[in-house]
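Comments concern the structure below.
Protein chains: 2
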Amino acid sequence: MNVYTHPQPEDWAALCARPTATYEDLVPLVRQIFDDVAYDGDRALDHYTQKFDGVELSEIAVQPDAFAAAELRVPKDLKAAIALAKDNITRFHQAQTTKRVQVETQPGVWCWQEKRPIQKVGLYIPGGSAPLFSTILMLAVPAVLAGCEEIVLCSPPNSEGQLPDVVLYTAALCGIKKVYKVGGVQAIAAMTLGTTQIPKVYKLFGPGNQYVTVAKQWATRYQTAIDMPAGPSELLVVADSSVPPAYVAADLLSQAEHGPDSQVILVTTDAACVPPIQQAIDEQLEKLPRKDVAKKAIENSKIIVFESDAAAIDFINQYGPEHYIICSLKEDEYIDNIQNAGSVFIGKYTPESAGDYASGTNHTLPTNGYAKQYSGVNLDSFLKQMTFQKIDAQGMKTIGPAIELMADAEGLQAHKNAVTVRLNDLA
Amino acid sequence: MNVYTHPQPEDWAALCARPTATYEDLVPLVRQIFDDVAYDGDRALDHYTQKFDGVELSEIAVQPDAFAAAELRVPKDLKAAIALAKDNITRFHQAQTTKRVQVETQPGVWCWQEKRPIQKVGLYIPGGSAPLFSTILMLAVPAVLAGCEEIVLCSPPNSEGQLPDVVLYTAALCGIKKVYKVGGVQAIAAMTLGTTQIPKVYKLFGPGNQYVTVAKQWATRYQTAIDMPAGPSELLVVADSSVPPAYVAADLLSQAEHGPDSQVILVTTDAACVPPIQQAIDEQLEKLPRKDVAKKAIENSKIIVFESDAAAIDFINQYGPEHYIICSLKEDEYIDNIQNAGSVFIGKYTPESAGDYASGTNHTLPTNGYAKQYSGVNLDSFLKQMTFQKIDAQGMKTIGPAIELMADAEGLQAHKNAVTVRLNDLA
């Protein structure tokens, strides 16, 4: 890891930089696939599944008996682990339920705000090297709690044309029945446009590689919303010598194994903690099955030593990390002053892995500095807020004249007249 | 207005269609202006202000004494009306404040969710034919309540190179000090990219013409968030003979005067109410200063008679209106079953104008069917949710083994190891 000592604020922007986005490069392919799916529907899906996943499917939709068969093959201890994670995720997301907000702003003027579920949502679960069933929990649990009527799940088939057993098991456990063996850009296009088999949805959720990321952004041209723009996963740890170096090293490596473009940053004001952490990284790295990936990510990663905690906090807020671990004697200072972070992990027994899987928080979080303006996925991500108002004769008399004056000042006479016709009757 | 009687569900999509978007056509100009502002900063702003607004400004930023001078020129009764509106808007948005959500999901596993303000936000206030000071209230009041640190407001100068007095007065009343005389695409580009004079923001809010709408979408390529995609304003009224036809006519016309592309729809199951409403429209239309605009919008508008309330409600949910007025004896049915609407106005004394100006609800709402997945602007629009977690030794022992199993099943050994190094010490 590269060590930077006491960097000046004018150099922070460079230290905050993420890998260059390749949006423009990927657009032509994404556009082509969307156009093909729009034109050819399910036939285009078959074509791209053959091309990219290398399999010919007799059926895109997972059939009911496949769920039952998969369940039998998932080990009992893994089922128990998933059950524990699901319980915690359910508990934390259910607690996010809010009541209707109602205010009588003036006598006879009642305004209220209610949340109603987004009726149709699409969940994208990446495939590739690992079956990411944990992401199903993170998306399906709040979607079901929110009351979404139609929940569609797409995930790419493996080389046998199947989805992993644990993916089917977890989907069924969450009550998701519409599961389709389609991945990549073509899955995003299908859920955006709708095909004969795959329903069109109103909002898309889930992580993915750079193609899926661009496809989700492209989908927004078709009146589909997305959970958030995504980029490679990130972790920033602020640490000092009070925490075992092996813990910090293990946390940094857990992020590094995601991909060579993963962003891993260690921030400290305690230069003495750096060498033992670096040594622990070297030791642990050798034992990792994905050490080639992790090594590349670690090589691009940064250790930054700041002169003061205030400077460190300013930098962290400028960076806006997706995951932010605090292992410091000055824990409260680093918690209270954080403005921009996706999810915060506090203390030496709180690794990022806990939130990735089982503590209850969501692991679908804003990357690439988007923590400055986006929330991670939460219960509200599956709801929209609507306002309501009801005004009686008294209320109209109270606020009507003000509306007339304001509409008149804005030059909108018909707006004024909608009040005047009523006030005339009430005079 | 065109009358459609008992349309079949297969024809509803056509009835729900909005004017075709012209995104692709406007992109080249928007891209050019963004590039120029990126390269030339404030000089590019001066150039485009001369070109599009026809004025040469000595200063882009509104100076402190200009606010004081404007205040003296705003009539007292208009100030009182603005104060009443601001009070109601403040009351309704303040009530939307939520508490921190905290759950101990397992003994020793504490998870919580907090909202923190988006630090830098930009408010765009359109100019053109009317000084839309009401939009300042709708955006600045919740931004200030949320605690946003830096609030930037841009609005195009008039032909004298000034902002209208009431715009400056309202901005100052809301506590907004950073006001810039820049409009259109160049204003959106400036707040997205930052110039020497205008700060870069994290999220952009506010309505605008089609150029501004495309510019906001373009801004999302530069890590800026936007409140929502926008389109021409819309109103759907469901009515029957129980309401005076003049009220329904006035409401439909208040929407129609916005622009020739405004969407106005009357839905009913009571065909008898249609002729009197049409007659009232004709009568009121003649007296409107903006009758040419309203006439065009009305010509393109639709009256749809449904066989049943159930069909009417299904249609309304498929349409997803920005504004939805219910003037019907079956009020409750039309309220309880609405799934997709921006803001709902109930009963004969609740014109849309009330929510546009003074009742307390926000008037920045999703158009073009986006009510299916977007909320209107509300307090949360200026906040982001962050999650936090703290786990102690007992908590780690409880959930650690489940994390190890799940990480292992996903093939992520470093994620597992982050738990294992801790559990080994706790064994």
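The listed protein sequences derive, respectively, from chains A and B. Per the numbering used here: the first sequence = residues 1 to 427. Per the numbering used here: the second sequence = residues 1001 to 1427. Cβ coordinates follow ideal geometry from the N, Cα and C atoms, glycine included.
Close CB contacts of Trp110/A within its chain, under the 6 Å cut and outside five residues either way in sequence, are with Glu104 and Lys390 (chain order). Neighbourhood of Met1386/B in chain A, by CB distance below 8 Å: Ile338, Ala341, Gly342, Ser343, Val344, Ala371, Ser375 and Gly376, in chain order. Using a Cβ-Cβ cut-off of 8 Å, Phe1092/B counts as an interface residue toward chain A, since at least one Cβ of chain A sits closer than that to its own.
The three-state secondary structure of Gly1122/B, taken from DSSP, is strand. The C-beta of Tyr1357/B comes closer than 8 Å to at least one C-beta of chain A. Listed along chain B, no residue sits closer than 8 Å to Asp314/A by beta-carbon distance, the nearest being about 12 Å off.
Put simply, the backbone Cα of Ala38/A is about 26 Å away from that of Leu139/A. Proximity of chain B to Ile136/A at the Cβ level (cut-off 8 Å) is not reached, the minimal Cβ distance being about 11 Å. Those residues of the stretch 185-217 of chain A placed with their C-beta closer than 7 Å to a C-beta in chain B are Tyr202 and Lys203, ordered along the chain. Contact annotation: Ile1118/B and Lys291/A have beta-carbon atoms that are not nearer than 8 Å.
With a threshold of 16 other beta carbon atoms within 10 Å, Asn1424/B falls short and is exposed. Taking all protein chains shown into account, Thr1005/B has fewer than 16 neighbouring C-beta atoms within 10 Å of its C-beta and is therefore exposed. Residue state for Asn317/A is assigned as helix, using DSSP reduced to three classes. If you look at Ile1176/B, you'll find it isn't in any beta strand (DSSP E); DSSP assigns it neither H nor E. Asp1227/B has a beta carbon lying at 8 Å or more from every beta carbon in chain A. Residues of chain A whose Cβ lies closer than 9 Å to the Cβ of Ala1140/B do not exist; the shortest such Cβ separation is about 15 Å.
Here Pro289/A is not near Gly259/A, since their CB atoms are 8 Å or more apart. For Val1109/B, the nearest CB of chain A lies under 8 Å from its own CB, placing it at the interface with that chain. Think of a sphere of 9 Å around the beta carbon of Glu1257/B: the chain A residues whose beta carbon falls inside it are Leu412, Gln413, Ala414 and His415, in chain order. Pairing Thr97/A with Met386/A, the inter-Cα distance amounts to about 15 Å.
Annotation: Arg1422/B is outside any beta strand (DSSP E); the continuous alpha helix (DSSP H) that includes it extends over Gln1413 to Leu1426. Of the other Cβ atoms in all chains shown, fewer than 16 fall within 10 Å of the Cβ of Glu1010/B; this residue is therefore exposed.
Using a CB distance cut-off of 8 Å, Arg1073/B does not count as an interface residue toward chain A. Contacts between Ala407/A and chain B, judged by CB atoms closer than 8 Å, involve Ser1353, Asp1356 and Tyr1357 in chain order. Residue-level contact check: Thr98/A touches chain B, since one or more beta carbons of chain B fall below 8 Å from its beta carbon. A direct Cα-to-Cα measurement between Ile33/A and Tyr202/A gives close to 19 Å.
Only those residues of the stretch 29-50 of chain A whose C-beta falls short of 8 Å from the nearest C-beta of chain B would be listed, and there are none. Closest in C-alpha terms to Pro1156/B, from the list Phe1052/B, Pro1075/B and Glu1322/B, comes Phe1052/B. Residue pairing from DSSP places Thr5/A in a beta bridge opposite Val305/A.
Val166: these are the residues of the stretch 146-180 of chain A whose beta carbon lies less than 8 Å from some beta carbon of chain B, given in chain order. Check the Cα spacing between Ile60/A and each of Thr350/A, Ala189/A and Val182/A: the tightest is with Val182/A. When the five nearest sequence neighbours on each side are left out, no beta carbon in the same chain lies closer than 7 Å to the beta carbon of Ala81/A. Residue state for Arg1031/B is assigned as helix, using DSSP reduced to three classes. By the CB criterion at 8 Å, Leu379/A and Ala146/A fall inside the cutoff.
For Lys390/A, at least one C-beta of chain B is nearer than 8 Å to its own C-beta. Counting only residues of its own chain and dropping the five nearest sequence neighbours on each side, Tyr1334/B has a CB closer than 7 Å to the CB of Val1238, Ile1313, Ile1326 and Ser1328.
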